[in-house]
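Numbering (my numbering), first residue to last: 151 to 722.
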């Protein structure tokens, strides 16, 4: 067929004319394209010759086709669903605008006349192509279709085969891994959760159904219900993937496995819990690529980041990061390790589990079955000539004693605790049996953190909170002290955020440096309230105060801050 050859020549000439590629680069890309059958634009991007944004901008300009940025567009879901989900995925296209008998179609490849012809036949409309990035179009497809067709197809297939034996959920060597309906269902379930940005998947058996819920931006929401007939097969499949005992249904079990979803490597922790209606399964999803981000992206303010940086760049001392489960403590510690990771330092971690493999850092996995706990692992690590030690969590007296000794003997020790605020961490260490004078000598700083939902950029509009709320929270006094002006916003809800008004999360951080006056209070076994009172006199900001400042900047809302932070009485 002459069309593909014509397309190659035309596209190549366009790129050459714009100076995006050289003749040698184009020649090599065409050879690779011929061998692999992959689109020329994708080959050029894979080879690193041109970035996607530049490519589609030139493509749109040269062909007289609009270049669309889907993340900034509000698309009517009814328009998006004018074509079947499987067609949208196959051609990597999405309808974005309909006027009379024409349909504007965002396309990764606007030269694909077969896709245009297909969609013309399906809709009966004249197609106007527009060009968009592959990443944005695939993300939009997930957003507007939510994997519904693929999931319903998986449910139907799995339900038809609900009487299959357990062995049928274990792929045989000669079979493709996703041939089994139950395997396809589980894979689709996880892929949809990842694409929706979910951190946890809950499969909750009831007397006649399985309720499936996703946790997105910290809140659980119902996704679907599956037939009860799928329960045995789906749970068995997940337990096999997590290396759990499929015959044991009376005791809780924990496991883990890895899975690739698109270009993401996802680490999945499995927890099973026996209930009256069968085993409940919770999957914790961790995108390994999402933990390596800078402190500023996490939500640290410039001053807090500067103050915190002075402490974690010291050669010794104990630094604690506290917060609830899922508040991002490990991500903060990873960001710190990445910041201080240099060839001159020997950095060793002990974690449960190791969430991401960090280059040039020695990481140890906790394994109680063979006697490797935080305490025993830390004892061995200290014989490995470390400069920096990261302990995933301080859970008992032995671990806290070793961590303090390591800090006192010239090591920088980073670890986490579960407390609601920074002053509470000191009381927690004392409760664990650590001597106050040793805590005072070793502890240099505590950071408490929480995650709050960010306002959706696609639908945020200016807002004015009630005057009585502003007065009750002391916002005017806080703004005056910080020399800032208010810029409140709220989310009205759109397809981008699924009508919630929020998209993504950002951290709130409470930084407590341990100075001489706080050391004196620690030695006296002072209460958390006394330590907090002392800290307030040194410009200490609580989590709620930090949250209010982010609401004032239009990053989140006061309602969200009130939901996740507690009110602490101001000291006299």
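Virtual Cβ for every residue (Gly too), placed ideally from N, Cα, C.
Residues in its own chain within less than 8 Å of residue i by CB, not counting five upstream and five downstream?
{"i": "residue 505", "result": "417, 436, 438, 441, 480 and 484"}
{"i": "residue 294", "result": "225, 227, 230, 231, 244 and 645"}
{"i": "residue 614", "result": "638"}
{"i": "residue 360", "result": "353, 354, 375, 376, 377, 378, 380, 381 and 384"}
{"i": "residue 503", "result": "406, 417, 419, 515 and 516"}
Tell me, which residues are paired with residue i by DSSP?
{"i": "residue 437", "result": "416"}
{"i": "residue 408", "result": "417"}
{"i": "residue 430", "result": "423"}
{"i": "residue 641", "result": "610"}
{"i": "residue 603", "result": "655"}
{"i": "residue 279", "result": "255"}
{"i": "residue 500", "result": "514 and 541"}
{"i": "residue 660", "result": "598"}
{"i": "residue 471", "result": "566 and 597"}
In whole angstroms, what is the alpha-carbon distance linking residue i and residue j?
{"i": "residue 317", "j": "residue 275", "result": "Because residue 317 sits at a pLDDT of 48, beneath the cut-off of 50, its placement in the model cannot be relied upon, and the point is left open."}
{"i": "residue 707", "j": "residue 341", "result": "31 Å"}
{"i": "residue 639", "j": "residue 191", "result": "40 Å"}
{"i": "residue 287", "j": "residue 229", "result": "15 Å"}
{"i": "residue 524", "j": "residue 268", "result": "59 Å"}
{"i": "residue 674", "j": "residue 586", "result": "8 Å"}
{"i": "residue 352", "j": "residue 434", "result": "9 Å"}
{"i": "residue 723", "j": "residue 604", "result": "Here the chain covers residues 151 to 722 and nothing more, so residue 723 does not appear."}
{"i": "residue 357", "j": "residue 374", "result": "16 Å"}
{"i": "residue 172", "j": "residue 162", "result": "10 Å"}
{"i": "residue 600", "j": "residue 284", "result": "34 Å"}
{"i": "residue 542", "j": "residue 178", "result": "47 Å"}
{"i": "residue 733", "j": "residue 624", "result": "The shown model of the chain, from 151 to 722, leaves out residue 733, and the question about it has no answer."}
{"i": "residue 242", "j": "residue 248", "result": "18 Å"}
{"i": "residue 335", "j": "residue 388", "result": "11 Å"}
{"i": "residue 527", "j": "residue 392", "result": "24 Å"}
{"i": "residue 175", "j": "residue 597", "result": "50 Å"}
{"i": "residue 322", "j": "residue 595", "result": "Summary for residue 322: the model assigns pLDDT 46, below 50, so the residue's position carries little reliability, and this model does not support an answer."}
{"i": "residue 266", "j": "residue 215", "result": "14 Å"}
{"i": "residue 702", "j": "residue 469", "result": "30 Å"}
{"i": "residue 338", "j": "residue 530", "result": "42 Å"}
{"i": "residue 704", "j": "residue 432", "result": "34 Å"}
{"i": "residue 488", "j": "residue 510", "result": "10 Å"}
{"i": "residue 218", "j": "residue 408", "result": "35 Å"}
{"i": "residue 169", "j": "residue 184", "result": "23 Å"}
{"i": "residue 291", "j": "residue 655", "result": "22 Å"}
According to DSSP, simplified to helix, strand and coil, what is residue i?
{"i": "residue 517", "result": "strand"}
{"i": "residue 458", "result": "helix"}
{"i": "residue 702", "result": "helix"}
{"i": "residue 494", "result": "coil"}
{"i": "residue 489", "result": "helix"}
{"i": "residue 628", "result": "helix"}
{"i": "residue 166", "result": "helix"}
{"i": "residue 210", "result": "helix"}
{"i": "residue 714", "result": "helix"}
{"i": "residue 262", "result": "coil"}
{"i": "residue 205", "result": "helix"}
{"i": "residue 687", "result": "coil"}
{"i": "residue 466", "result": "coil"}
{"i": "residue 584", "result": "coil"}
{"i": "residue 193", "result": "helix"}
{"i": "residue 723", "result": "No answer is possible for residue 723: the residues shown for the chain start at 151 and end at 722."}
{"i": "residue 675", "result": "coil"}
{"i": "residue 182", "result": "helix"}
Please return the same chain residues whose Cβ sits closer than 7 Å to the Cβ of residue i, not counting the five positions on each side in sequence.
{"i": "residue 696", "result": "658, 659 and 660"}
{"i": "residue 272", "result": "233 and 237"}
{"i": "residue 326", "result": "Only weak support is given to the placement of residue 326: the predicted model assigns it a pLDDT of 44, under 50, and the value that follows is read from those uncertain coordinates. No residues qualify anywhere along the chain."}
{"i": "residue 671", "result": "680, 681 and 684"}
{"i": "residue 486", "result": "462 and 564"}
{"i": "residue 166", "result": "173 and 176"}
{"i": "residue 606", "result": "641, 644, 646, 647, 651, 652 and 653"}
When the cut-off is 9 Å and only beta carbons count, does residue i lie next to chain C?
{"i": "residue 216", "result": "No chain C is part of this structure, which consists of one protein chain only."}
Going along the chain, which residues of its own chain have a beta-carbon closer than 6 Å to the beta-carbon of residue i, five neighbours each way excluded?
{"i": "residue 355", "result": "381, 427 and 428"}
{"i": "residue 194", "result": "179 and 200"}
{"i": "residue 477", "result": "599, 600 and 601"}
{"i": "residue 501", "result": "542"}
{"i": "residue 577", "result": "678"}
Regarding residue i and the ligand GTP, is the C-beta to nearest heavy atom distance less than 8 Å?
{"i": "residue 220", "result": "With respect to the ligand GTP, the structure offers nothing, as it holds no ligand at all."}
Alpha helix (DSSP H) runs contained entirely in the region 213–254, provided each spans 4 or more residues
227–230 and 235–241
Runs of alpha helix (DSSP H) wholly within the region 324–403 (minimum 4 residues, chain order)
Taken in chain order, the complete alpha helix (DSSP H) segments of 4 residues or longer contained in the region 324–403 are 331–345 and 381–391.
Would you list, in sequence order, the uninterrupted alpha helix (DSSP H) runs of no fewer than 4 residues that lie entirely inside the region 506–573?
524–531 and 547–558
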